[in-house]
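Participant: Below you will find the structure I want to go over with you.
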Amino acid sequence: MEEKKIKQTKEECPSSSNLQERAQYVQNRSSSAYSDAPSIAPSEVSFHERSKDSREVRPILGSFKVSGRTSPLRSMLTGLYPGQRFSSKSNVPWGSKPHPLLGLSCLSFALLVVPLSASFPQTAVLVAMTTVISFQSEYTYTGMTSVWHLADRITAPATFLSALNANYLVGGPIWTSTVVIPLSCFYLSNIARKTNNYESFVLWHSLWHFSATALLFLIFWSNNTDLSNAL
Numbered sequence: 001m002e003e004k005k006i007k008q009t010k011e012e013c014p015s016s017s018n019l020q021e022r023a024q025y026v027q028n029r030s031s032s033a034y035s036d037a038p039s040i041a042p043s044e045v046s047f048h049e050r051s052k053d054s055r056e057v058r059p060i061l062g063s064f065k066v067s068g069r070t071s072p073l074r075s076m077l078t079g080l081y082p083g084q085r086f087s088s089k090s091n092v093p094w095g096s097k098p099h100p101l102l103g104l105s106c107l108s109f110a111l112l113v114v115p116l117s118a119s120f121p122q123t124a125v126l127v128a129m130t131t132v133i134s135f136q137s138e139y140t141y142t143g144m145t146s147v148w149h150l151a152d153r154i155t156a157p158a159t160f161l162s163a164l165n166a167n168y169l170v171g172g173p174i175w176t177s178t179v180v181i182p183l184s185c186f187y188l189s190n191i192a193r194k195t196n197n198y199e200s201f202v203l204w205h206s207l208w209h210f211s212a213t214a215l216l217f218l219i220f221w222s223n224n225t226d227l228s229n230a231l
């Protein structure tokens, strides 16, 4: 009986040859393709070291910002915000490069002052102010910091809305819908400005001025040229 127990104990205890085989197996496994597999064993890095690494990563992630190109439409809308509206800085990227065509388009607004003064005196005053202010802002002081840019950003929307109201009172909703033509030119001029395309900006921004003036005359002419009886 005792011999049987001793024999059973010897069978349960691993022999030196088995231990050598296991050691060889572990060595082969460590040098095999499985060595790159992630280990589930506890890491030797302490908790404090891991916390330190995480603190170093957080500022990088916190300072990361997704950058993208701002669309011209968004640029037009953000111009209505106080931070953008009440600024005397020029928004053109090429500096002071006055163009005669753009200056002439600003002066074209003056053609509307006398016809509008009979029935729309407030609009006529705004148009007269816009003529001078836009010429100073977009021709004389283009690309430079000037109070004329601030004045232009304040008077231009007011003049546009007042002229749009005059269009509606004279021509009705159908004729007023033609405002999409000058607005399209204004949108394209913003694209040119954002892409630093000076020639395209001069073209489309001048057409924005010329088309607005021409449409006012066309609307009044199509609905009787005597503006004193327009209302």
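Going by full-length UniProt numbering, the letters in the sequence shown line up with residues 1 to 231, in that order. All C-beta atoms, glycine included, are put in the ideal place defined by N, C-alpha and C. These numbers were taken from a predicted model, which means no experiment stands behind them.
1) Between Thr145 and Val179, what straight-line distance do the alpha-carbon atoms span, to the nearest angstrom?
2) Taking Thr155 as the reference, give the member of Ala124, Leu215, Gln24 with the closest Cα.
3) So, are the CB atoms of Pro115 and Phe220 less than 8 angstroms apart?
4) Tell me whether Gln24 is buried or exposed, calling it buried when 16 or more other Cβ atoms sit within 10 Å of its Cβ.
5) Asn190 lies in the alpha helix (DSSP H); which residues open and close that run?
6) With 16 as the cutoff for other CB atoms within 10 Å, does Phe217 come out buried or exposed?
7) Beta carbon of Pro98, beta carbon of Thr140: below 8 angstroms?
8) Just the Cα atoms here: how many angstroms apart are Ser90 and Val202?
9) Alpha carbon to alpha carbon, what distance is there between Trp94 and Asn196?
10) Could one say the Cβ of Lys89 lies closer than 8 angstroms to chain D's Cβ atoms, at least one of them?
Facilitator: So, from the data block:
1) Position 145 of the sequence shown, counted from the first residue, corresponds to residue 145. Position 179 of the sequence shown, counted from the first residue, corresponds to residue 179. If you take the alpha carbons of Thr145 and Val179, they lie about 30 angstroms apart.
2) Residue numbering aside, residue 155 sits at position 155 when the sequence shown is read from its first letter. The candidate whose alpha carbon is nearest that of Thr155 is Ala124.
3) Residue numbering aside, residue 115 sits at position 115 when the sequence shown is read from its first letter. Residue numbering aside, residue 220 sits at position 220 when the sequence shown is read from its first letter. Cβ distance < 8 angstroms, so Pro115 and Phe220 count as in contact.
4) Indexing the sequence shown from 1 puts residue 24 at position 24. Under this definition Gln24 is an exposed residue.
5) Walking along the sequence shown from the start, residue 190 turns up at place 190. Counting along the chain, the unbroken alpha helix (DSSP H) around Asn190 starts and ends at 180-194.
6) As a first step, residue 217 must be located in the sequence shown, where it is residue number 217. By the neighbour-count rule (16 or more Cβ atoms within 10 Å), Phe217 is not buried but exposed.
7) Taking the first residue of the sequence shown as 1, we reach residue 98 at position 98. Taking the first residue of the sequence shown as 1, we reach residue 140 at position 140. Closer than 8 angstroms, so yes.
8) Taking the sequence shown and counting its residues from 1, one reaches residue 90 at position 90. Taking the sequence shown and counting its residues from 1, one reaches residue 202 at position 202. When rounded, the distance between both Cα atoms is 15 angstroms.
9) Stepping through the sequence shown from its first residue, residue 196 is reached at position 196. Stepping through the sequence shown from its first residue, residue 94 is reached at position 94. Spanning the two alpha carbons is a distance of roughly 7 angstroms.
10) Of the protein chains in the structure, only one exists, and it is not chain D.
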